[in-house]
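Following: one structure in structure tokens, then a few remarks.
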Amino acid sequence: MSYYKFKPPKQLRKASFCSCIFRSREKQNFIRIQMDKINEKRLHFQKDKSKQIVREKGLDGRCGTHPRKVVVGEGGLEPPNSFEDRFTVCCNCHYATPPCTKNTISFSKRAAKIHSFLENTSGCGVFFLNFAACNMNLAMKYNFDKIVNRVDSNCVKYDLRAAVFGNKNVLPMWVADMDFETPDFVRNAVMQRALHPIYGYHFKDEAYFQSIIHWLERRHQWQVKQEWLSFTPGVVCGFNVAVMALTQEGDEVIIQTPVYPPFHHAATGHGRKLVCNPLKVGAKGYEMDFELLEHQAETAKMLILCNPHNSVGRAWRYDELLLLGEICQKHNLIVISDEIHCDLVLPGYKHTPFASLSDELAQRTVTFHAASKTFNLAGLATSTAIISNPELRTVFNTYLHALEADLGNIFGKVATQTAMNEGDDWLKQLLDYVQGNVDYVSDFLRINLPKIKFFKPEATYMMWLDFSAYGFDETETWRKLTQEAQLDFNRGSDFGVNGTNHFRINLACPRATVMEAMRRLKKTF
Numbered sequence: 018m019s020y021y022k023f024k025p026p027k028q029l030r031k032a033s034f035c036s037c038i039f040r041s042r043e044k045q046n047f048i049r050i051q052m053d054k055i056n057e058k059r060l061h062f063q064k065d066k067s068k069q070i071v072r073e074k075g076l077d078g079r080c081g082t083h084p085r086k087v088v089v090g091e092g093g094l095e096p097p098n099s100f101e102d103r104f105t106v107c108c109n110c111h112y113a114t115p116p117c118t119k120n121t122i123s124f125s126k127r128a129a130k131i132h133s134f135l136e137n138t139s140g141c142g143v144f145f146l147n148f149a150a151c152n153m154n155l156a157m158k159y160n161f162d163k164i165v166n167r168v169d170s171n172c173v174k175y176d177l178r179a180a181v182f183g184n185k186n187v188l189p190m191w192v193a194d195m196d197f198e199t200p201d202f203v204r205n206a207v208m209q210r211a212l213h214p215i216y217g218y219h220f221k222d223e224a225y226f227q228s229i230i231h232w233l234e235r236r237h238q239w240q241v242k243q244e245w246l247s248f249t250p251g252v253v254c255g256f257n258v259a260v261m262a263l264t265q266e267g268d269e270v271i272i273q274t275p276v277y278p279p280f281h282h283a284a285t286g287h288g289r290k291l292v293c294n295p296l297k298v299g300a301k302g303y304e305m306d307f308e309l310l311e312h313q314a315e316t317a318k319m320l321i322l323c324n325p326h327n328s329v330g331r332a333w334r335y336d337e338l339l340l341l342g343e344i345c346q347k348h349n350l351i352v353i354s355d356e357i358h359c360d361l362v363l364p365g366y367k368h369t370p371f372a373s374l375s376d377e378l379a380q381r382t383v384t385f386h387a388a389s390k391t392f393n394l395a396g397l398a399t400s401t402a403i404i405s406n407p408e409l410r411t412v413f414n415t416y417l418h419a420l421e422a423d424l425g426n427i428f429g430k431v432a433t434q435t436a437m438n439e440g441d442d443w444l445k446q447l448l449d450y451v452q453g454n455v456d457y458v459s460d461f462l463r464i465n466l467p468k469i470k471f472f473k474p475e476a477t478y479m480m481w482l483d484f485s486a487y488g489f490d491e492t493e494t495w496r497k498l499t500q501e502a503q504l505d506f507n508r509g510s511d512f513g514v515n516g517t518n519h520f521r522i523n524l525a526c527p528r529a530t531v532m533e534a535m536r537r538l539k540k541t542f
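With our numbering applied, the sequence shown has no gaps in its numbers, which climb one by one up to 542 at the end.
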């Protein structure tokens, strides 16, 4: 992929554009510049008397795939039908599609000059503007504002609303999958494979495993070997197999509540004794109770770690995981580390793979990773177990093979490999968009519903909301949410006793959906 620096024609320089970055799809007489110089560029726009155009910093100069297209909106709006739409931006609700007619900034005169230039070039032009009122980036390649109709697609999140909530009209924000389109490059790869007329038995080749290895090293600085990797048909299936293979009936299995309900079932469903190590609520968020864990670990066989944590959204720090590891090492615990949300750590935070802490801890750890949450591929039931200890790996794989659960499906393999190889840019824009949703909900609740307590998540696309201050029991809060507000969130009691009267809300959806949910919540509470 080549980048070019282009000096605009005179009429554009008069329009206060000092520089433009182009990626050309045809051979043009532009001057090629090095990639490492792109981030150092600052595209300055002179302050106009009425337009309040200011400079944008930290731009990478990347554009979309469609020629002569300028996409408006932080999440990227639908391609406009006319060039006038491209340069009309709402100061208040700039995430809407199309922008509303109130409080807009119009660039009609300059837009005409820009439009004339774009229509006469075969390249793809990208202009970065930072509006004082909107602080928007017009270079977003992917459209997370697009609303996709998922009804009648056998979708759990939408098509089971009546069965689960007794109300088919609730706004679904419960199941932890995204309402965003699976990336186009992943869909294209799957469709290309689907063109082959036979869907027979297949195997995972070296390219598949190398895509995962390179992803983990690139994203998390974790170096793993190919022989450590085993296919599993989903992370939940994987850690259930690990519990059955690596513990015996009656063994104690520790989980840290409030946590994803399948953690509970992985112990109780196989005759193991469930031991809950409740997280503590600190001044800045949830924390591990190491003192209690030290005592519980004396008789336990296994700990199932949620890293990052679903539901409270913690991206566990290095020092926290290290202290946890010391306890597990001291008491000889096997650690199952569910890291399915590791790629969904929000800006400003970092994921630390538990097995990367030390070779000693890696020898007692089974890590599970998948592209399913990150790229909306849950329906393809594809994940990876990472086990460096050959003894644990042999026992796990033997059990997995006995269940005939180690084959998977053709399309899960293709989708995962493509996502791992090509998904970095898409993921960056996804995380920025989800952070925008988190910020919107946080500000809205603080201003309009201060009784709802929460900590901003550090990872995942969920928020954990505490409704206890309203004085209702969970049943009544649930009724008000589902019947009056017509919202469906996950009930906190399903995550553990200390989750009672808390609700988990899924923010991996277009901002219009988030805004509507907040409107309903305010009206009801």
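For glycine and all other residues, C-beta sits at the position ideal for the given N, C-alpha and C.
Residue burial classification, residue i (beta-carbon count within 10 angstroms, cutoff 16)
i: Ile-70; result: Because Ile-70 sits at a pLDDT of 30, beneath the cut-off of 50, its placement in the model cannot be relied upon, and the point is left open.
i: Gln-273; result: buried
i: Met-437; result: buried
i: Ile-164; result: exposed
i: Asp-505; result: buried
i: Tyr-277; result: buried
i: Val-531; result: buried
i: Lys-540; result: exposed
i: Val-514; result: exposed
i: Lys-367; result: exposed
i: Phe-220; result: exposed
i: Leu-320; result: buried
i: His-281; result: buried
Identity of the residue in the options nearest residue i by Cα
i: Ile-271; options: Leu-341, Trp-443 and Lys-163; result: Leu-341
i: Ala-259; options: Leu-409, Ala-476 and Tyr-450; result: Leu-409
i: Ala-534; options: Leu-498, Asp-511, Thr-517 and His-519; result: Leu-498
i: Arg-167; options: Ala-180, Ala-211, Asp-194 and Phe-182; result: Asp-194
i: Ala-284; options: Asp-268, Glu-311, Asn-465 and Val-298; result: Asp-268
i: Lys-297; options: Gly-396, Leu-448, Gly-516 and Leu-394; result: Gly-516
i: Ala-432; options: Lys-470, His-418, Ala-402 and Phe-392; result: Phe-392
i: Leu-363; options: Leu-447, Arg-381, Glu-439 and Gly-429; result: Leu-447
i: Ala-502; options: Asn-171, Lys-185 and Ala-180; result: Lys-185
i: Ala-300; options: Lys-470, Ser-510 and Gln-500; result: Lys-470
i: Gln-243; options: Arg-235, Ile-229, His-237 and Thr-249; result: Ile-229
i: His-418; options: Pro-407, Pro-250 and Pro-275; result: Pro-250
i: Leu-338; options: Phe-307, Gly-365 and Glu-315; result: Phe-307
i: Ala-372; options: Glu-234, Val-383 and Thr-435; result: Val-383
i: Gly-365; options: His-231, Phe-413 and Ala-476; result: Ala-476
i: Leu-233; options: Cys-526, Phe-385 and Thr-316; result: Phe-385
i: Met-434; options: Phe-182, Asn-205 and Ala-179; result: The sequence shown places Gln at residue 434, rather than the Met named in the question. Cα-wise, what sits closest to Gln-434 is Asn-205.
i: Leu-310; options: Leu-350, Phe-489 and Ala-180; result: Leu-350
i: Tyr-457; options: Ser-405, Ile-404, Arg-528 and Phe-413; result: Arg-528
i: Gln-500; options: Gly-183, Val-173 and Cys-172; result: Gly-183
i: Ile-404; options: Gly-396, Ala-398 and Phe-413; result: Phe-413
i: Ala-398; options: Ala-388, Pro-407 and Asn-406; result: Ala-388
i: Arg-536; options: Ile-464, Ala-179, Val-207 and Tyr-303; result: Ile-464
Test item: CB-CB of residue i and residue j under 9 Å
i: Lys-318; j: Gln-265; result: yes
i: Leu-361; j: Val-451; result: yes
i: Thr-401; j: Leu-177; result: no
i: Gly-429; j: Leu-394; result: yes
i: Arg-334; j: Thr-369; result: yes
i: Val-455; j: Lys-468; result: no
i: Val-352; j: Leu-322; result: yes
i: Glu-421; j: Val-203; result: no
i: Gly-509; j: Pro-295; result: no
i: Met-261; j: Tyr-416; result: yes
Any chain E beta carbon closer than 9 Å to residue i
i: Leu-310; result: In the structure shown, chain E does not exist; there is a single protein chain.
In DSSP terms, what residue i is bridged to
i: Pro-250; result: Answer is none; Pro-250 lacks a bridge partner.
i: Thr-401; result: Phe-248 and His-386
i: Ala-476; result: Val-362
i: Arg-508; result: Phe-520
i: Asp-456; result: DSSP output for Asp-456 lists no bridge partner at all.
i: Ser-354; result: Leu-322 and Thr-384
i: Cys-293; result: Ile-272
The ligand SAM heavy atom lying under 8 Å from the CB of residue i
i: Ile-353; result: In the structure on display, the ligand SAM does not appear, and there are no ligands present to speak of.
(message) Check whether the region 484 to 495 and the region 283 to 293 are in contact - that is, three or more C-beta pairs closer than 8 Å.
(response) These segments do not touch.
(message) Is it the case that the region 317 to 335 contacts the region 345 to 360, given that we only count it when at least three CB pairs across the two stretches are under 8 Å?
(response) Contact holds: three or more Cβ-Cβ distances are below 8 Å.
(message) Contact between the region 179 to 195 and the region 215 to 225 is defined here as three or more beta-carbon pairs at a separation below 8 Å; is this criterion met?
(response) Taking 8 Å as the limit for Cβ pairs, the verdict is that the region 215 to 225 does not touch the region 179 to 195.
(message) So, does the region 482 to 492 touch the region 239 to 255, judging by three or more C-beta pairs under 8 Å?
(response) With a cut-off of 8 Å, the region 239 to 255 and the region 482 to 492 do not count as touching, because too few Cβ pairs lie within range.
(request) Indicate whether the contact test is met: 3 or more Cβ pairs, each with one atom in the region 377 to 389 and one in the region 339 to 353, closer than 8 Å. (result) Inter-segment contact for the region 377 to 389 and the region 339 to 353 is present: three or more beta-carbon pairs are separated by less than 8 Å.
(message) Under 8 Å, with one C-beta from each stretch per pair, do the region 196 to 214 and the region 154 to 173 reach the 3-pair mark?
(response) Yes, they touch.
(request) Answer yes if the region 439 to 456 comes into contact with the region 417 to 427, meaning at least three C-beta pairs across the two stretches below 8 Å, and no otherwise. (result) Result no; under three Cβ-Cβ pairs closer than 8 Å.
(request) May I ask you to verify whether the region 512 to 529 touches the region 465 to 481, counting CB pairs closer than 8 Å and requiring at least 3? (result) Counting Cβ pairs under 8 Å, three or more are found: they touch.
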